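Here the structure is laid out as structure tokens; the discussion comes afterwards.
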């Protein structure tokens with residue numbers, strides 16, 4: 007129940023982040039809805055397709071669709087107020103990617119895959135909704151360019167498998183990686199950390 | 007037989023619409039073919055992938071591929087004449103999205119999905135070929151920006167489920183939503199209707 | 007064993023071609039890795055999804071992921087030296103698309119599909135990693151615009167089915183189409199061949 011609640015909070019904040027990008031591009035209401043939907047559920051959809059889970063989760067569990075619809079409606083109606091919720095939304099989003107990472111990981115483990123593939127599936131679940139959002143909005147995905155976002159998911163995934171080396175109770179093995187993702191993401195934003203650049207500094 | 011005939015007319019007009027966009031972007035013959043193919047069959051492909059239908063329909067039923075090939079060839083050969091067929095192509099396209107919507111709907115119903123998911127699948131079948139076309143041509147999808155297109159499919163889908171409340175004979179339950187999609191689309195184009203904008207008017 | 011070795015050489019050169027495009031776009035290390043990965047394994051992933059093979063190959067066979075990781079690392083570390091390997095990389099890439107074409111073809115044959123669909127799957131396997139790479143980098147795919155690349159795969163695929171008309175031993179039926187792809191691609195590059203343009207020459 008607790009995880010389901012976090013899952014829905016994550017869905018809400020992913021949807022709202024999509025709506026904000028879509029409104030920046032001045033899309034019409036249908037476009038805004040699709041971008042919100044894809045941002046929230048696109049990563050999980052790609053994960054389900056790669057694993058061959060059929061049909062994809064959101065077709066079976068209608069709650070996701072209705073949560074996205076409600077979130078899009080509220081975000082559009084209160085669009086002028088969204089800036090007051092920036093910090094809350096950032097927190098929900100951060101908790102959301104932590105949870106999505108572990109959900110993806112566990113689906114990989116359930117399918118008997120190699121740990122590296124499980125971490126890849128967790129990262130895809132958490133990050134590729136945003137990748138689809140940026141492609142549909144005709145941008146190079148932001149997580150390929152500057153943010154410590156996928157890196158947080160990868161580190162969370164590594165912590166999950168390090169923990170399996172110790173005899174831990176189920177919920178901890180589930181909670182620690184989420185906290186790692188959240189901590190890395192918060193620290194990265196607070197200290198403006200980026201991945202090291204592979205390019206020479208421009209003379210300026 | 008009648009529906010199969012409409013299906014192929016829809017495939018032809020979707021292909022030609024793709025070819026025209028591809029030629030505007032000055033793609034080479036291979037690019038023109040792929041854009042035509044994706045416009046015609048991309049929406050149904052996404053629907054089949056989401057539902058887990060395997061392999062996707064066009065791999066099994068070769069007719070679609072040959073219809074696309076023929077349409078691309080004719081559209082390229084008679085490209086200077088296409089403008090005289092604008093009205094016919096618009097009509098075929100409109101009938102095509104009506105039919106594709108209902109085909110997608112029925113596949114959702116057959117899989118036992120919630121009505122909202124069935125409507126989503128119908129809309130994806132009808133509209134997401136065009137979305138893929140625009141992404142491959144490096145544009146923000148046109149249906150996210152201005153046209154009443156997806157809205158027609160959604161209204162057609164709603165009419166389908168409203169009709170199930172009445173004891174109707176099978177073919178009518180199939181024909182009415184198609185007519186709703188066509189009517190909404192024709193009225194929207196005739197009266198230049200758009201979805202209400204969520205943005206303030208620019209001073210100008 | 008021999009084909010597996012060529013397969014890995016192809017994966018390496020596809021990855022490096024992705025890394026070079028990603029570095030031109032000045033992506034961060036995560037973006038560079040994803041573009042390398044998608045260029046190498048994206049075509050095969052789309053083929054597996056269309057066929058309904060689950061999970062997709064690279065989730066099961068971890069070797070691909072590790073080869074991509076190693077290739078990305080080496081390509082980034084020795085990025086200033088890559089230009090000295092242009093010819094080798096071009097050769098690996100050309101051999102790679104030949105092999106990928108036949109691998110895709112054979113999966114289609116194994117699924118009992120029509121020859122045209124098998125050729126389509128071979129071409130998708132060989133070429134659509136590059137298509138995904140270009141979409142993620144916000145470009146119209148290069149193979150839609152100018153290069154004889156997909157055409158080589160299609161001709162290789164046709165040669166495969168022409169050969170089945172003759173009583174040939176298995177390895178030859180496998181090797182000849184690869185050589186056809188390689189020969190067409192090499193000749194096209196050497197003589198700067200392009201598909202005939204469907205557009206009038208610009209006055210200039």
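Protein chains in written order, with the working numbering: chain Y, 7 to 210; chain R, 7 to 210; chain B, 7 to 210. The C-beta atom is built at its ideal place from N, Cα and C for all residues, glycine as well. Here the structure is a predicted model, which means the values were calculated and not measured.
Quick one: list the residues of chain B neighbouring residue i, beta-carbon separation under 8 Å, in chain order.
i	result
residue 152 of chain Y	34
Output, in chain order, the set of chain Y residues within a Cβ distance shorter than 9 Å of residue i.
i	result
residue 146 of chain R	31, 33, 37, 142, 143 and 144
residue 104 of chain R	Those do not exist, as residue 104 of chain R stays about 17 Å from chain Y at its closest Cβ, beyond 9 Å.
Can you name the residues of chain Y whose CB is closer than 7 Å to the CB of residue i?
i	result
residue 127 of chain B	By Cβ distance, chain Y contributes nothing, its closest Cβ being about 17 Å from residue 127 of chain B, past 7 Å.
residue 55 of chain B	55
residue 82 of chain B	204
residue 161 of chain R	The contacting residues do not exist; residue 161 of chain R stays about 12 Å from chain Y at best.
So, helix, strand or coil for residue i, using DSSP?
i	result
residue 144 of chain Y	coil
residue 205 of chain Y	coil
residue 28 of chain B	helix
residue 14 of chain B	helix
residue 81 of chain Y	helix
residue 95 of chain R	helix
residue 117 of chain B	coil
residue 33 of chain Y	coil
residue 210 of chain B	Unreliable placement is indicated for residue 210 of chain B, whose pLDDT of 47 sits below 50; the coordinate value is still reported in the next sentence. Of the three classes helix, strand and coil, the one that applies to residue 210 of chain B here is coil, per DSSP.
residue 20 of chain B	helix
Can you pull the chain R residues whose beta carbon is under 9 Å from the beta carbon of residue i, in chain order?
i	result
residue 40 of chain Y	137, 147, 149, 150 and 156
Give me the chain R residues within the contact set of residue i, using Cβ-Cβ distance strictly less than 8 Å, ordered along the chain.
i	result
residue 131 of chain Y	The contacting residues do not exist; residue 131 of chain Y stays about 16 Å from chain R at best.
Excluding five sequence neighbours on each side, which residues of the same chain lie with their C-beta closer than 6 Å to the C-beta of residue i?
i	result
residue 19 of chain R	95, 98, 99 and 102
residue 51 of chain Y	62
residue 38 of chain Y	25 and 28
residue 191 of chain R	100 and 158
Could you name the residues of the same chain whose beta carbon sits closer than 8 Å to that of residue i, not counting the 5 residues immediately before and after it, in chain order?
i	result
residue 60 of chain B	54
residue 21 of chain B	42, 43, 45, 46, 73, 74, 77, 78 and 81
residue 214 of chain R	The structure shown does not extend to residue 214 of chain R, since chain R spans only 7 to 210, so no value can be given for it.
residue 115 of chain Y	124
residue 56 of chain Y	127 and 130
In chain order, what residues of the same chain have a beta carbon less than 7 Å from the beta carbon of residue i, not counting five sequence neighbours either side?
i	result
residue 13 of chain Y	105
residue 49 of chain B	106, 130, 131, 132, 133, 134 and 135
residue 180 of chain R	108
residue 210 of chain B	For residue 210 of chain B, the predicted structure reports a pLDDT of 47, less than 50, and the residue's modelled location is therefore unreliable. A value from the coordinates is still provided. Counting only Cβ-Cβ distances below 7 Å, and skipping sequence neighbours, we find nothing.
residue 173 of chain Y	none
residue 200 of chain B	152 and 154
residue 182 of chain R	165 and 169
What does residue i reach in chain B if we use C-beta pairs closer than 9 Å?
i	result
residue 123 of chain Y	61, 64, 65, 66, 68 and 71
Taking C-beta pairs closer than 7 Å, name the residues in chain R that residue i reaches, listed in chain order.
i	result
residue 24 of chain B	What residue 24 of chain B touches in chain R: nothing, since even the nearest Cβ is about 18 Å away.
Kindly list, in the order they appear in chain B, the residues whose Cβ is closer than 7 Å to that of residue i.
i	result
residue 58 of chain Y	60 and 61
residue 117 of chain Y	61
residue 201 of chain Y	34, 35 and 36
Practice task
For the stretch 149–199 of chain Y, list the beta strand (DSSP E) runs that are entirely contained and at least 3 residues long, ordered along the chain.
Solution key: Secondary structure remark: continuous beta strand (DSSP E) runs of at least 3 residues inside the stretch 149–199 of chain Y: none found.
Practice task
Report the residue ranges of all alpha helix (DSSP H) runs contained in full by the stretch 38–73 of chain Y; include only those spanning at least 4 residues, in chain order.
Solution key: Within the stretch 38–73 of chain Y, the runs of alpha helix (DSSP H) at least 4 residues long that lie entirely inside it are, in chain order, 63–66.
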